Amino acid sequence: MNKKKWSALDLTMGGLFVALMTVGANITSIAPFMVVGGVPITLQTFFAILAGLVLGSRLGAFSMFVYMVLGLAGAPIFAQFKGGASIALSPTFGFILSFIILAYVIGKMVEVNRGLPMYITASIIGLVINYVVGTNWMYGAYIWWFGGAPEGFSYQLAWAWMMVPLPKDIILAVLAGIFAHRMERTILSKSQFRMQKAA
Amino acid sequence: MNNAFIVGQYVPGESMIHRLDPRSKMVIIFLFVIVVFLANSVWSYGLLTIFTVLTTLSTRIPLSYIAKGLTPVWLLIVFTFILQLVVTKEGAVLFQIISYPIYSGGVAQGAAISLRFFLLILVTSLLTLTTTPLEITDAIESLLHPLKRIKFPVHELALMMSISLRFIPTLMQETEKISKAQASRGVDFKSGPIKNRIQAIIPLLVPLFVSAFKRAEELAMAMEARGYQGGDGRTKLRELRIEGIDYLAISVFFLIVIGLFLTRV
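Chains A and B supply the protein sequences, listed in that same order.
Under this note's numbering, residues 621 to 819 are what the first sequence spells out, in order.
Under this note's numbering, residues -2 to 262 are what the second sequence spells out, in order.
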């Protein structure tokens, strides 16, 4: 698993992405924007995609894993400043799990090709992973915790529910791809973080 | 808000539960989550409930505080109970609500599932109520130590957790500062069509990322200047120690598990 030892810079970058995820999860409480119809919008998926794009597969996935573990350990870093081991039982925990997988897959994709089309494709695929894992987990959690499928709550309904935030998430995913690609060409390509990789 | 992230849900205290080694707390809770599913009779559920209630009381954390933390969960529990009442059609008909029959099996099933859910949530939140995230970080590093054999980066996990805890408040403040600075330059976060508001993220994110990367580089440089070379041979400021009180807690828990096997049908 640990092919190459992580440098101190790898670790601090990973740690900062965990902090950025926290900012993303609670962005509405800081910058009062994007509260659509009373529902605060989070940028968690956006930052998880960026973690894959910027940090790459191994470090990106590991940093999302740290985000999950730290939240479960009680630090109030999930959406709405939640945290604690009991979150693992909540129906929306699947989304947090999906961040690990999507960061890994996205990282793998852009490690092959660093063109802009690839960045955007990878982001969209990441979003698909986020929705598939999250929705199935949510459905499974309801079945498991509530002892059998209630009549009104079908698999189709779970997906119909998820269609509401989809357009906004697609826009954000594309934006994440473009944003990361720009950053790569400007600040990242000259940064220590990329230099050490080349060396 | 600054300390909130380092402290988390933690409520300081001197109770026995607080003083337990975080590792024994984590192991007991992990096992509890598994054994809860073994309960299948009134007595076995009763035993688990008594254990949970006594443990909760012994933390001496105000019950109102714990209840406040559980607020979103109450709704789920009530919902579960009602759902089971409606769906299950076993046993005798107890009474009718507006010509809808309620079966005794439904009441039993609903009570069992919502009680199980409640116990799980309560016990898992006790861990984070009596232990700071930093203590849990140390405990995780120590408990996962065997995984080093299969090359799982245990030390890196713990270190990254501590680094993030340190940086979360900083980045929060930074984001707030940037958003105010950009608002004073005329960026509108609050109104306008969704498209414009999503575009307004860019002037927030660019400075945030630039400063985050700079911080990461500075911290890495500082770590290297102090001779950081990974986890091997590193010593600790806070040492974890298993003491008599931990053996006591583990023994009590095993008595509960034995009792559980005796009372289940």
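Virtual Cβ for every residue (Gly too), placed ideally from N, Cα, C.
No experiment lies behind these values; they were computed from the predicted model shown.
{"Query": "Between B:Arg16 and A:Tyr687, what straight-line distance do the alpha-carbon atoms span, to the nearest angstrom?", "Result": "26 Å"}
{"Query": "Just to check my reading of the structure: B:Val262 and B:Ser101 have Cβ atoms closer than 8 Å, yes? What is that Cβ distance to the nearest angstrom?", "Result": "Contact flag wrong, Cβ pair sits at about 17 Å."}
{"Query": "Which first and last residues belong to the alpha helix (DSSP H) in which B:Phe92 is found?", "Result": "Segment 90 to 94 is the beta strand (DSSP E) holding B:Phe92; no alpha helix (DSSP H) there."}
{"Query": "For A:Pro787, is the classification buried or exposed, using 16 other Cβ atoms within 10 angstroms of its Cβ as the cut-off for buried?", "Result": "exposed"}
{"Query": "Who are the near neighbours of B:Leu168 in its chain, counting only those whose CB is closer than 7 Å to its CB and skipping five residues on each side?", "Result": "Ala209"}
{"Query": "Residues in the segment 216 to 232 of chain B with C-beta within 7 Å of chain A's C-beta atoms, listed in sequence order?", "Result": "Leu216, Ala217, Met220, Glu221, Tyr225, Gly227"}
{"Query": "Which of helix, strand or coil does DSSP assign to A:Met621?", "Result": "Any answer about A:Met621 is weak, because its pLDDT of 42 lies below 50 and its placement is not dependable; what the coordinates show is given next. Three-state result, A:Met621: coil."}
{"Query": "Would you say A:Tyr724 reaches chain B, if we count a Cβ-Cβ gap shorter than 9 Å as a contact?", "Result": "no"}
{"Query": "Quick one: which chain B residues come within Cβ less than 7 Å of A:Gln812?", "Result": "Glu214"}
{"Query": "Identify whether B:Pro166 lies in helix, strand or coil by the three-state DSSP scheme.", "Result": "helix"}
{"Query": "A:Thr632: buried (16+ other C-beta within 10 angstroms of its C-beta) or exposed?", "Result": "buried"}
{"Query": "9 Å is my cut-off, CB to CB: does A:Thr632 come that close to chain B?", "Result": "yes"}
{"Query": "Alpha carbon to alpha carbon, what distance is there between A:Gly704 and B:Val289?", "Result": "Limits of chain B in this structure are -2 at one end and 262 at the other, which puts residue 289 of chain B out of reach."}
{"Query": "Please classify B:Tyr100: does DSSP put it in a helix, a strand, or coil?", "Result": "strand"}
{"Query": "Taking A:Ser706 as the query, report the chain B residues whose CB atoms sit under 7 Å from its CB, ordered along the chain.", "Result": "Ile118, Thr121, Ser122"}
{"Query": "Check the Cβ-Cβ distances between B:Ile160 and every residue of chain A, and say whether any is below 9 Å.", "Result": "yes"}
{"Query": "Using three-state DSSP, classify B:Phe186 as helix, strand or coil.", "Result": "coil"}
{"Query": "What three-state label does DSSP hand A:Lys728 in the structure shown?", "Result": "helix"}
{"Query": "Scan the segment 45 to 62 of chain B for residues whose Cβ lies nearer than 9 Å to a Cβ of chain A and list them as they occur along the chain.", "Result": "none"}
{"Query": "In chain D, which residues lie with their C-beta within 7 Å of the C-beta of B:Val207?", "Result": "Looking for chain D here will not work: the only protein chains present are A and B."}
{"Query": "Pull out every residue of the segment 165 to 182 of chain B whose Cβ sits closer than 7 Å to any Cβ of chain A, in chain order.", "Result": "Ile165, Leu168, Met169, Thr172, Glu173, Ser176"}
{"Query": "Classify A:Leu747: buried if its beta carbon has 16 or more other beta carbons within 10 angstroms, exposed otherwise.", "Result": "buried"}
{"Query": "Please list the terminal residues of the continuous alpha helix (DSSP H) segment that includes A:Ile807.", "Result": "No alpha helix (DSSP H) holds A:Ile807; DSSP gives it neither H nor E."}
{"Query": "In terms of DSSP beta bridges, what is A:Lys702 paired with?", "Result": "A:Phe698"}
{"Query": "So the candidates are A:Ala639, A:Leu629, A:Val732; which of them puts its Cα closest to the Cα of A:Leu695?", "Result": "In the sequence under discussion, the amino acid at residue 695 of chain A is Ala, which differs from the Leu named in the question. That would be A:Ala639, whose Cα lies nearest to the Cα of A:Ala695."}
{"Query": "Determine the extent of the alpha helix (DSSP H) in which B:Ile340 is found, giving its start and end residues.", "Result": "The first residue shown for chain B is -2 and the last is 262, placing residue 340 of chain B beyond what the model contains."}
{"Query": "Tell me whether B:Leu91 is buried or exposed, calling it buried when 16 or more other Cβ atoms sit within 10 Å of its Cβ.", "Result": "exposed"}
{"Query": "If contacts are defined as beta-carbon pairs under 8 Å, then A:Ile726 and A:Gly672 qualify, I think. What distance do you get, rounded to the angstrom?", "Result": "3 Å"}
{"Query": "What residues of chain A sit near B:Glu153, judged by a beta carbon separation below 7 Å?", "Result": "Trp626, Leu631"}
{"Query": "Kindly indicate which residue of B:Ile118, B:Thr121, B:Pro200 has the alpha-carbon position closest to the one of B:Ala178.", "Result": "B:Pro200"}
{"Query": "Flag this pair as yes or no: are the beta carbons of B:Ser55 and B:Asp243 separated by less than 9 Å?", "Result": "no"}
{"Query": "Just tell me which of A:Met758, A:Pro737, A:Ile721, A:Tyr775 has its CA closest to the CA of A:Gly676.", "Result": "A:Ile721"}
{"Query": "So for A:Trp626, helix, strand or coil by DSSP?", "Result": "coil"}
{"Query": "Using a Cβ cut-off of 8 Å, pull out every chain A residue sitting near B:Pro202, in sequence order please.", "Result": "Checking the sequence shown, residue 202 of chain B turns out to be Leu, not Pro. Per Cβ cutoff of 8 Å: Phe799."}
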